[in-house]
Amino acid sequence: MSDSDAEGDAVGSGDGSAGPLADREWRLIREESRPGPLNMALDEVAAETAAAGGPRTVRVYRWDPTCLSMGYAQEPETVDWDRCADAGVDVTRRQTGGGGIYHDHDGDISYSITAPAAELPGKLLDAYHLLCEPVLAAFRALGVDADYADEERPAIYQPACYLRALHPAHDVCADGGAGRKLSGNAQYRREESVIQHGSVTFDAKPSDHLAVFRDHGVSEERFAERVGGITDYADATREEAVAAFEDALATWAGAEEGEWTDDELARAEEVADEKYRDDGWVRERPGGR
């Protein structure tokens with residue numbers, strides 16, 4: 062298996078039109094609320110389905126309970142495990158790199174796109190930009206002026222995805238790129254499939270976000286200077302924001318509304334038990350995927 066990561070925020074044209082893969086078979090799975098380990102397992106299962114000749118998948122999902130997804134190589138010592146346990150925050154580890162992401166049950170909107178690797182550009186960043194087109198389109202549909210970061214900005218706290226260094230090549234921010242970070246996205250490749258998933262901040266919740274990290278030394282005010290949410294830029298309910306991302310993904314992919322099969326759900330439980338619920342995977346730095 063061959064994997065590579067791109068972590069950050071990237072966008073393509075983002076004009077809300079159908080993408081170049083819209084003539085393929087895609088399904089849209091509308092927002093579901095599931096525990097973090099199962100959400101990560103379902104991304105893998107969707108990739109297995111696409112690689113086996115089944116439909117490609119675009120999906121929107123919610124984290125129930127609230128979850129911290131650690132980056133693939135993130136050190137466990139950076140997590141405040143006691144705080145997470147006391148607050149009922151689940152913890153899992155992603156397949157993708159970068160820092161940890163706090164997925165608040167109400168404050169986060171997540172999505173993923175899975176397709177056969179042969180159908181996407183061979184260069185990682187080109188594929189990354191292509192798959193981020195509907196993300197930017199959704200922001201614009203909500204009236205949020207989101208674009209590439211207009212300049213490089215140094216890291217504030219490396220273990221947290223939203224506080225890592227920003228770069229114009231792959232980070233998207235509010236105010237046409239001059240404002241605060243809005244979304245963290247990442248991609249990894251297998252031999253036959255590609256998974257891209259991302260977190261969109263609906264409501265930033267600085268105190269809760271920072272609390273899951275140990276010894277971060279970052280004030281809520283400093284966090285709020287770097288990270289923003291849809292609530293800061295648009296008068297939209299969470300339901301309206303979710304619908305905007307579902308619509309943008311479906312339009313870009315030309316997707317029909319679909320659902321998981323019983324076999325896929327059973328397979329996802331197996332994957333979650335083997336990996337995303339397993340303490341060896343979550344609490345130790347993993348050595349393989």
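For our numbering, count along the sequence shown from 1 and bump the result up by 61. Ideal placement from N, C-alpha and C gives every residue a C-beta, glycine not left out.
Residue state for tryptophan 142 is assigned as helix, using DSSP reduced to three classes. For phenylalanine 274, the beta-bridge partners assigned by DSSP are Val140. Counting along the chain, aspartate 323 sits inside the alpha helix (DSSP H) bounded by residues 323 to 332.
Distance between valine 332 and alanine 102, taken at the CA atoms: about 6 Å. Looking at the backbone, the Cα of cysteine 193 and that of serine 171 are separated by about 13 Å. Note that the C-beta distance between arginine 338 and glycine 289 is not below 7 Å. Of the other Cβ atoms in all chains shown, fewer than 16 fall within 10 Å of the Cβ of leucine 186; this residue is therefore exposed.
Between the C-alpha atoms of glutamate 136 and threonine 110 there is a straight-line separation of about 31 Å.
Cβ-Cβ distances below 6 Å link proline 182 to Ala188 in the same chain, with the five nearest sequence neighbours on each side left out; the list follows chain order.
DSSP places serine 78 in the coil class of the three-state scheme, outside both helix and strand. When the Cα atoms are used, leucine 203 and alanine 297 turn out to be separated by approximately 7 Å.
For proline 98, the uninterrupted alpha helix (DSSP H) segment begins and ends at 97 to 112. Put simply, of Ala207, Ser254, His258, Gln219 the residue whose alpha carbon is nearest the alpha carbon of alanine 247 is His258. Boundaries of the alpha helix (DSSP H) around aspartate 340: 340 to 343. DSSP places aspartate 296 in the coil class of the three-state scheme, outside both helix and strand. Restricting attention to Val196, Asp147, Gly278, Glu281, the CA atom closest to the CA of alanine 314 is found in Val196. Close CB contacts of aspartate 208 within its chain, under the 8 Å cut and outside five residues either way in sequence, are with Val72, Leu197, Val233, Cys234, Gly237, Gly238 (chain order). Judged by DSSP in its simplified three-state form, serine 268 adopts helix. Contact annotation, alanine 309 with valine 255: C-beta distance approximately 19 Å; criterion of less than 8 Å not satisfied. The beta-carbon separation of threonine 153 and valine 343, rounded to 6 Å, stays under the 8 Å limit for a contact. If you draw a straight line from the Cα of phenylalanine 274 to the Cα of glutamate 345, it is about 16 Å long. Comparing alpha carbon positions, the residue from Val121, Pro116, Gly97 closest to glutamate 300 is Val121. In the structure shown, cysteine 234 falls within a strand segment according to DSSP collapsed to helix, strand and coil.
For tyrosine 249, the uninterrupted beta strand (DSSP E) segment begins and ends at 244 to 250. For arginine 144, the CB contacts under 7 Å within the same chain, skipping 5 residues up- and downstream, are Ala272, Val273 in chain order. Taking C-beta atoms under 8 Å as the contact rule, alanine 146 and phenylalanine 306 fail to qualify, at a distance of about 31 Å.
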